[in-house]
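K.L.:
So that we are looking at the same thing, I have put the structure below in structure tokens.
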Amino acid sequence: MSDDFPGWHGTTIIGVRKGGKVVIAGDGQVSLGQTVIKGTARKVRRLSPGGYEVIAGFAGSTADAFTLLERLEKKLEATPGQLARASVELAKDWRTDKYLQKLEAMLIVSDGKDLLVITGAGDVLEPEHDVTAIGSGGNFALAAGRAMMDTDLDAEEVARRAMAIASDICVYTNGKLTVETLEA
Numbered sequence: 001m002s003d004d005f006p007g008w009h010g011t012t013i014i015g016v017r018k019g020g021k022v023v024i025a026g027d028g029q030v031s032l033g034q035t036v037i038k039g040t041a042r043k044v045r046r047l048s049p050g051g052y053e054v055i056a057g058f059a060g061s062t063a064d065a066f067t068l069l070e071r072l073e074k075k076l077e078a079t080p081g082q083l084a085r086a087s088v089e090l091a092k093d094w095r096t097d098k099y100l101q102k103l104e105a106m107l108i109v110s111d112g113k114d115l116l117v118i119t120g121a122g123d124v125l126e127p128e129h130d131v132t133a134i135g136s137g138g139n140f141a142l143a144a145g146r147a148m149m150d151t152d153l154d155a156e157e158v159a160r161r162a163m164a165i166a167s168d169i170c171v172y173t174n175g176k177l178t179v180e181t182l183e184a
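Counting in the UniProt record's numbering, the sequence shown runs from 1 upward without gaps.
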């Protein structure tokens, strides 16, 4: 991609674990340069490999993210009920496979118990404060979410309010959310 190409922007994904629930929420905006291409993209999905429920949100290239989600499903089928192990195996492949190294995306995944971020650098990270976020508005959503964790709000309300704050600040984030929840 040349330097004068405006580039694809957009996506804020947040994961919140609180009160025995995990929520992953994502906005729907996809932008090309200064133009909103789509406002209702679905960047949070429910996976059910072998009946084992996992929710996942992605930021980055959609085609790359779908490739990673398919590979994660295969890893989960090989290690049923072991999200952390499947995530580490995916991260190892992503880091060492020449084809996968070129993929530009990040994932937040949860099985209702674990909440993890998987990156192309080979990282599998568990958030220290039960909130994590990725994408162009990720830092705004993360800060807002962390500020609300000590309130009486449940996981979904923390995620929704944090996303609302991020969408007010980040021009690449909108308020059209997809929200998925799992209980521990």
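We put the CB at the ideal spot given by N, CA and C, even for glycine.
In terms of residue numbering, what span does the alpha helix (DSSP H) encompassing T96 cover?
P.N.:
That run of the alpha helix (DSSP H) goes 83 to 96.
K.L.:
Near L36, which residues of its chain fall below 7 Å by C-beta distance, leaving aside the five closest residues on each side in sequence?
P.N.:
Per the sequence presented here, residue 36 reads as Val, with Leu not at that position. Result list for V36: Q29, in chain order.
K.L.:
According to DSSP, A105 sits in a beta bridge with which residue or residues?
P.N.:
G60, per the DSSP bridge assignment.
K.L.:
Tell me which same chain residues have a C-beta within less than 8 Å of the C-beta of T40, skipping the five on either side of it?
P.N.:
G28, K176.
K.L.:
Counting along the chain, where does the beta strand (DSSP E) carrying S31 start and finish?
P.N.:
Segment 30 to 32, the beta strand (DSSP E) holding S31.
K.L.:
By the DSSP assignment, the beta strand (DSSP E) with R161 in it spans what residues?
P.N.:
Unbroken run through R161 is the alpha helix (DSSP H), 155 to 169; no beta strand (DSSP E).
K.L.:
How many angstroms separate the CA atom of D168 from the CA atom of N174?
P.N.:
So the alpha carbons of these two residues sit roughly 8 Å apart.
K.L.:
On a CA-only basis, which of Y172, G120, L100, L115 is nearest G135? Give me that one, please.
P.N.:
Nearest C-alpha to G135: Y172.
K.L.:
Just to confirm before moving on: does the CB-CB distance between L47 and F58 stay below 9 Å?
P.N.:
No.
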